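Student: In terms of mature numbering (1 follows the signal peptide of the UniProt record, and there is no 0), the sequence shown is residues -19 to -1, 1 to 148.
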Amino acid sequence: MKKMLLASLLLAVCTTANAAPLPVETLDGDPATVPDSLDAGPRLLLIAFSRAARKQTNDWDAHLAATCASHRPACYDVAVMEGMPEFATEMAVGSMRDEVPVTHQGHYLLVMKGTSDWKQLAATPATPGDDAYLVLLGADGTVRWRGRGAWSAATEAGMQQALHAAP
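1) Just reading off the beta strand (DSSP E) that A13 is part of, what are its end residues?
2) In or out: G119 buried (at least 16 other Cβ within 10 Å) or exposed?
3) Taking only the alpha-carbon atoms, compute the straight-line gap between G110 and S51 and give it to the nearest angstrom.
4) Which residues share a DSSP beta bridge with N(-2)?
5) Could you tell me the distance, in whole angstroms, from the CA atom of E80 to the CA atom of V74?
6) Whose CA, out of D11, P23, R78 and T7, lies closest to the CA of T123?
7) Would you call the CB atoms of L144 and L117 closer than 8 Å?
8) So, using beta-carbon positions, are I28 and A113 closer together than 8 Å?
9) Thinking just about the alpha-carbon of each residue, which of R78, Q142 and E137 is nearest to the one in H44?
10) Where does F68 land, buried or exposed, given buried means 16+ other C-beta within 10 angstroms?
11) Can you list, in chain order, the residues of its chain whose CB lies under 8 Å from that of D20, leaving out five sequence neighbours each side?
12) By how many angstroms is the C-alpha of H85 removed from the C-alpha of D17?
13) State the DSSP-derived secondary structure class of residue 237, mapped to helix, strand or coil.
14) Specify the secondary structure class of A131 as computed by DSSP and reduced to three states.
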């Protein structure tokens, strides 16, 4: 348990880095820029660099449903799709559109370019693997907290603590 808590604390190191403007497309087809086009206030990005990581972000979505419904923070799922063959991208996006209610599609972001910038924002290793990456941005776009992996009570508690400390 102590190792898990220590790992969560190490992954949740706050930084003073600001998120550079990152171009995305919302699942409903609108172009956007992170963090500028997102809702005001704190924003939580649940980032998947692989299909398997989507399972973890979906689990995080389920555990954070009440928190995200309050819009503090505004929660966004981010699917990094750069490098996928076009036909696979079209199939994946179509499947996501079928699964995600229309009212939530503006909070699902598709990354078609700039994967290296997203890896830097999420502080991933060179190969991010199948983990979910979480980034809490303050209202000013500053990274307030980072987490990684499957949902755990300890990691969520770290995020909640950073959220309440964020301006």
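Glycine residues also receive a C-beta, built at the ideal position from the N, C-alpha and C atoms. Since this is a predicted model, take the numbers as computed values, not measurements.
Tutor: The answer reads as follows:
1) P12 to V15
2) buried
3) Going by the C-alpha atoms only, they are around 31 Å apart.
4) T123
5) 10 Å
6) P23
7) yes
8) yes
9) E137
10) exposed
11) Cβ neighbours of D20 beyond the five flanking positions: H52 and A55.
12) Their backbone Cα atoms lie some 19 Å apart in a straight line.
13) Nothing in the structure corresponds to residue 237, since the chain is present only between -19 and 148.
14) coil
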